[in-house]
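As structure tokens, the structure follows; a few thoughts come after it.
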Amino acid sequence: MAEFIPVANTRSASGVPTGKLALYWLLCSEIVIFGGVLASYLMHRLAHPEFGLQAAHTNVYAGTINTFVLLTSSLMAVLAHSAAEHGDGKKAAKYLWFTIAGALMFLCIKAAEWTSEIQHGYTITSSPFWSFYYTAAGIHASHVIAGALVMLWVIQSAKKNKYLYRVENVGLYWHFVDIVWIFLFPLLYIAK
Amino acid sequence: MSASHAAHHDDHDGHAGHGAAHGPARYIKIWAVLCVLLVISVLGPELEIQVVTLLTAFGIAGVKAYLVMKEFMHLDVEKPIIWYILATGVVFIGMFFAAVSVDVMNHDGARWSNDAAKRAVVAGLAAGDPANHHGAAEHHEAEGAAEAAPAQH
Chain A
1 MAEFIPVANT
11 RSASGVPTGK
21 LALYWLLCSE
31 IVIFGGVLAS
41 YLMHRLAHPE
51 FGLQAAHTNV
61 YAGTINTFVL
71 LTSSLMAVLA
81 HSAAEHGDGK
91 KAAKYLWFTI
101 AGALMFLCIK
111 AAEWTSEIQH
121 GYTITSSPFW
131 SFYYTAAGIH
141 ASHVIAGALV
151 MLWVIQSAKK
161 NKYLYRVENV
171 GLYWHFVDIV
181 WIFLFPLLYI
191 AK
Chain B
1 MSASHAAHHD
11 DHDGHAGHGA
21 AHGPARYIKI
31 WAVLCVLLVI
41 SVLGPELEIQ
51 VVTLLTAFGI
61 AGVKAYLVMK
71 EFMHLDVEKP
81 IIWYILATGV
91 VFIGMFFAAV
101 SVDVMNHDGA
111 RWSNDAAKRA
121 VVAGLAAGDP
131 ANHHGAAEHH
141 EAEGAAEAAP
151 AQH
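Chains as they are written, first to last, in this note's numbering: chain A, 1 to 192; chain B, 1 to 153.
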């Protein structure tokens, strides 16, 4: 029996593989989601001087370590893509495992950070700053979880040297998640 | 060659030349640069000079994002349609910001006053000062006091 190949992978009207094109449309919608949150935060940050005082209570060390973790996991994702381009699915799968490890580390640090903040009384209802903080970081964390789950699925075919283009697609998504955090980090942690 | 393979072959042709410029060694070099930029972005604001904070925190965030897009996502060698797709999202955000910011960022207009925003500023400044802060409970107390005060017009 012939193996089923999704229609999305069998044509390319634009010159870009359809799966990759769809991924970029997804990223376009993500730009609107995260851009909306970041733009709203920026407007309020500029109009509310108290945001700076409240931002002083966020944990810069945790934010810095998490930025380092995400940058490193992005490196792992692009190394997986490089391996996939050379037809080495096993190596690509190995690098994707490292990327997932980065995602887990990020989530553990984030969980510890939130636990400490909530214990100190800074909850999502404490003030507009903390509402933005938990909303933006929470939406971002949900994308980290989604990316890690998709990577688990991609690894299953990559290690059999099948559908290696998926490695690039999930990597592109992961780099986008990294870029979002690159902007969230100074907004929520550094600018006091 | 299947249509699928043809599509991906075409795509990789679009990346022609990037194979030599991009590779594991280069990716690791870019990662090292990103880590150095991260350290600068954390240390810069410690000087507590506004211009330095803006440049090191937000300027460097822009540079880091550019490096990830160019070197890791290879957007510099993608077809224009990818740029058009991403630009669509950015344009919508620009429209949103332009339409909403004038309302959100001003607390007073010719015939209106945003009293809730003013109260939030007063309560936040009272509770958010790290010098006398012992927890979020103070914020709620300050908020209650600000609400009890007469609205400013």
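We treat Cβ as the ideally placed atom computed from N, Cα and C, and that holds for glycine.
{"Asked": "Looking at the C-beta of M43/A, does it have a partner C-beta in chain B at a distance below 7 Å?", "Found": "yes"}
{"Asked": "Can you list the residues of chain B that A191/A reaches, using a CB-CB cut of under 9 Å?", "Found": "P45, T53, L54, A57, F58"}
{"Asked": "Please list, in chain order, the chain A residues whose beta carbon lies closer than 9 Å to that of K202/B.", "Found": "Residue 202/B cannot be examined here, being either before or after the span of chain B that is shown, 1 to 153."}
{"Asked": "Anyone know if the C-beta pair for I124/A and S116/A falls short of 7 Å?", "Found": "no"}
{"Asked": "In angstroms with no decimal places, state the Cα-to-Cα distance between F129/A and V180/A.", "Found": "18 Å"}
{"Asked": "From the DSSP output, which residues share a beta bridge with D108/B?", "Found": "S113/B"}
{"Asked": "Less than 8 Å between the CB atoms is what I'm expecting for I85/B and Y24/A, so what's the real figure, rounded?", "Found": "5 Å"}
{"Asked": "Among the candidates T56/B, A126/B, N114/B, whose CA atom is the shortest distance from the CA of A47/A?", "Found": "N114/B"}
{"Asked": "For A39/A and chain B, any beta-carbon pair shorter than 7 Å?", "Found": "yes"}
{"Asked": "With 16 as the cutoff for other CB atoms within 10 Å, does L149/A come out buried or exposed?", "Found": "exposed"}
{"Asked": "Quick one, which of Y66/B, L125/B, D76/B has its alpha-carbon nearest V33/B's?", "Found": "Y66/B"}
{"Asked": "With H, G and I counted as helix, E and B as strand and the rest as coil, what does DSSP make of N66/A?", "Found": "helix"}
{"Asked": "My understanding is that L38/A touches D178/A, with C-beta atoms under 8 Å, so please give their C-beta distance in whole angstroms.", "Found": "At roughly 15 Å, the Cβ-Cβ gap does not stay under 8 Å, so L38/A and D178/A are not in contact."}
{"Asked": "Helix, strand or coil, according to DSSP, for R11/A in the structure here?", "Found": "coil"}
{"Asked": "Under the assumption that I155/A contacts A93/A (Cβ atoms under 8 Å), give the Cβ distance between them as a whole number of angstroms.", "Found": "5 Å"}
{"Asked": "Using the C-alpha atoms, what's the distance from S12/A back to S101/B?", "Found": "40 Å"}
{"Asked": "Whole angstroms is fine: what's the gap from L43/B's alpha carbon to R45/A's?", "Found": "21 Å"}
{"Asked": "What does the alpha-carbon distance come out to for the pair M95/B and V104/B?", "Found": "14 Å"}
{"Asked": "Can you give, in chain order, each stretch of the alpha helix (DSSP H) that sits fully within the segment 76 to 132 of chain A and has at least 4 residues?", "Found": "89 to 119"}
{"Asked": "My parser needs the alpha helix (DSSP H) runs of 4 or more residues fully inside the segment 58 to 102 of chain B; what are they?", "Found": "60 to 67"}
{"Asked": "At the 7 Å Cβ level, is M155/B part of the contact set with chain A, yes or no?", "Found": "With chain B running from 1 to 153 in the structure shown, residue 155/B is simply not present."}
{"Asked": "Just by C-beta distance, which residues in the segment 84 to 99 of chain A are closer than 8 Å to chain B?", "Found": "E85"}
{"Asked": "Quick one: grab the DSSP three-state call for P45/B.", "Found": "helix"}
{"Asked": "Alpha carbon to alpha carbon, how far is F183/A from A98/B? Give it in angstroms, no decimals.", "Found": "20 Å"}
{"Asked": "Can you have a look at V167/A and say buried or exposed, based on whether 16 or more other CB atoms are within 10 angstroms of its CB?", "Found": "buried"}
{"Asked": "Chain B partners of Y173/A, CB-CB under 8 Å?", "Found": "Near Y173/A there are no residues of chain B at all, since even the closest Cβ is about 10 Å away, more than 8 Å."}
{"Asked": "Name the residue from L152/A, W174/A, V16/A, K159/A whose alpha carbon lies nearest to the alpha carbon of V77/B.", "Found": "V16/A"}
{"Asked": "Just to confirm my understanding: we take M105/A, look at its own chain, exclude 5 residues before and 5 after, and list those with CB closer than 6 Å. What are they?", "Found": "V69"}
{"Asked": "Within the same chain, show all residues whose beta-carbon is closer than 6 Å to that of W97/A, passing over the 5 residues directly before and after it, in chain order.", "Found": "none"}
{"Asked": "Buried or exposed for I190/A, going by 16 or more other Cβ atoms inside 10 Å?", "Found": "buried"}
{"Asked": "Give me, in chain order, the residues of the same chain whose beta-carbon lies closer than 8 Å to that of H143/A; leave out the 5 immediate sequence neighbours on both sides.", "Found": "E30, V177, V180"}
{"Asked": "Using a beta-carbon distance cut-off of less than 8 Å, what residues from the segment 80 to 93 of chain B approach chain A?", "Found": "I81, I82, I85, L86, T88, G89, V90, F92, I93"}
{"Asked": "Assuming contact is defined by CB atoms lying nearer than 7 Å, are W174/A and A77/A in contact in what I supplied?", "Found": "yes"}
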